[in-house]
Amino acid sequence: MFEICQQYINARPAVCKTNEFFLPYHKAKMINQCIGVNKFGSMPKEIALFLGLPNAKSYTGHSFRRTSATLFVDAGADSTVLKRHGGWKSSTVAEGYIATFCVQ
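Under full-length UniProt numbering, the residue at position 79 of the sequence shown is numbered 79, and the numbers go up by one with no gaps.
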């Protein structure tokens, strides 16, 4: 996951007018403007396509929720903190967002 984030960061323009992390891209190049709220949900797929990741179409807006839940738990967050972070009332639902990764 870190490597993918680093690859995305390295593709950003050297001089950026915004502090926003996610930028739109056009013609295989990131452009220097903010994305709108309606565009945000499609960003995981667009980032995966931009980086040439396999199965890019499987990345959805929920990828952010799943990744953040997984990172929270990996960093030591308990069930209460995880539920507050994701806005979940049920521990079962919150735990459903935790991904298990196979390291090869």
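For every residue, glycine included, the Cβ atom is placed at its ideal position computed from N, Cα and C. Owing to the predicted nature of the structure, the values given are computational and were not obtained by experimental measurement.
- Per DSSP, residue 8 is one residue of the alpha helix (DSSP H) stretching across 2–10.
- Here residue 24 has 31 and 35 as same chain residues with Cβ atoms under 6 angstroms from its own Cβ, once five neighbours each way along the sequence are excluded.
- Within 10 angstroms of the beta-carbon of residue 48 lie 16 or more other beta-carbons, which makes it buried.
- Residue environment analysis places residue 72 among the buried positions, since at least 16 neighbouring C-beta atoms fall within 10 angstroms of its C-beta.
- Between residue 52 and residue 69, the gap from beta carbon to beta carbon reaches 8 angstroms or more.
- Between residue 66 and residue 99, the gap from beta carbon to beta carbon is short of 8 angstroms.
- Rounded to whole angstroms, the Cβ separation of residue 41 and residue 61 is 3 angstroms, and the two are in contact under 8 angstroms.
- Separation of the CB atoms of residue 79 and residue 90 is rounded to 10 angstroms, and the pair is thereby denied contact status at 8 angstroms.
- Excluding sequence positions up to five before and after residue 4, its CB lies less than 6 angstroms from no other CB in the same chain.
- The three-state reading of DSSP puts residue 27 in coil, since its state is none of H, G, I, E or B.
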